[in-house]
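Below: one structure, written as structure tokens.
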Amino acid sequence: MMPINKRRRAQGRRRIPAVIIPPDRERDRLADEIRALDRQRLEQGGAYLRTEIAIGRRLIKCRKQLKEKRLWLAWLKAEFKWSRRHADRFIAIARNPRKCATLRTLGLPISAIYLLANASPEATEEVTRQVEAGEVPSVRVVAQVVHHAVAPKRYVNVAFERQTATPIPYEVGPDRSVEVDRFLRQFEIFAGNVSYCRARPEEIAAAVPADERPSVAEKARDIVAFMSALARELGGEIKLITDGDNGTAE
């Protein structure tokens, strides 16, 4: 059986069949107008929203037709080399022109307006409040505000009272949810790597240089301690079996 990494590389080398997009005069005309407007937008440096609104309205017309044939993404890549996310920004502004025009008067950069175009009223009010207070939030701050407003209670830890086994909900604050989100994504990657690893612990330990073994062992102990605490909070436990002779743990 071929190893999983080789299978993945072989799958990546497979040729993807070409997508044939039927010609359409009206759509070709709109594509030419979008290219001209995009060049104008780059020359203006995002100074005027009417260019983004005009691009978004034309994209909406094209997408309505191409979505039915499942050719929307292929058409974007063939005509403009755009991603769906890039096109969605223009469409969001075109669907909320008054809201985006109001945000533009606050002095926000165009990247922040892209984020707030489809944001909830709570996120928009929070950014507006910061601007009125004399602060000019950066794009990163605006992204965090939008993320918290969309899912302020997405990640919830549950602590258990050991004597009564009564669940006590603990909500992650807005200033920490981004870090929790990043950890969970990295944790999934780490768990996947451990699952696919074919090397045994003793083989990995033998490959570590002698001068680096204390540092690696300390990091391993920190990981085990953290994962043990996490397992307890989730209702499980990690049992450690320590061998006094070689100092290994299972």
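Here the sequence shown stands for residues 1 to 250, where the numbers follow this note's numbering. A virtual CB, placed ideally from N, CA and C, is assigned to each residue, including glycine.
- Counted as a single uninterrupted DSSP element, the alpha helix (DSSP H) harbouring Ser215 occupies residues Arg213 to Glu233.
- Look at Ile20 here: in three-state DSSP terms it is coil, with no helix or strand label.
- Taking the Cα positions, Pro209 is about 14 Å away from Glu218.
- In this structure, the straight-line span from the alpha carbon of Pro201 to that of Met227 is close to 18 Å.
- Secondary structure at Lys81: coil, using DSSP grouped into helix, strand and coil.
- Taking a contact as a CB-CB distance under 8 Å, the pair Ile21 and Leu76 does not count as one, their CB atoms being some 11 Å apart.
- Scanning Arg232, Glu126 and Asp88 for the CA closest to the CA of Ile60 turns up Asp88.
- Closest by C-alpha distance to Ile34, out of Gly45, Ile55 and Pro23, is Ile55.
- When Cβ pairs closer than 8 Å are counted between the two stretches, the stretch 123 to 136 is seen not to touch the stretch 79 to 88, the count staying below three.
- Take the alpha-carbon of Lys64 and the one of Arg213: they are about 60 Å apart.
- Fully enclosed alpha helix (DSSP H) runs of no fewer than 4 residues occupy 25 to 44 of the stretch 23 to 55, in order along the chain.
- Assigned with DSSP and collapsed to three states, Lys69 falls in coil, not helix or strand.
- Put simply, of Asp28, Leu30, Thr51 and Arg29 the residue whose alpha carbon is nearest the alpha carbon of Arg39 is Thr51.
- A distance below 8 Å separates the beta carbons of Val139 and Pro109.
- If you look at Arg129, you'll find it in the alpha helix (DSSP H) that goes Pro121 to Glu132.
- The closest CA to that of Arg95, considering only Val216, Leu49 and Ala117, is found on Ala117.
- As the crow flies, the alpha-carbon of Val136 is around 8 Å from that of Gly107.
- Under the three-state reduction of DSSP output, Ala117 falls in the coil class, being neither helix nor strand.
- A direct Cα-to-Cα measurement between Thr128 and Leu103 gives close to 8 Å.
- Using a Cβ distance threshold of 8 Å, Val19 and Ala92 do not count as a contacting pair.
- Per DSSP, Arg104 is one residue of the alpha helix (DSSP H) stretching across Pro97 to Thr105.
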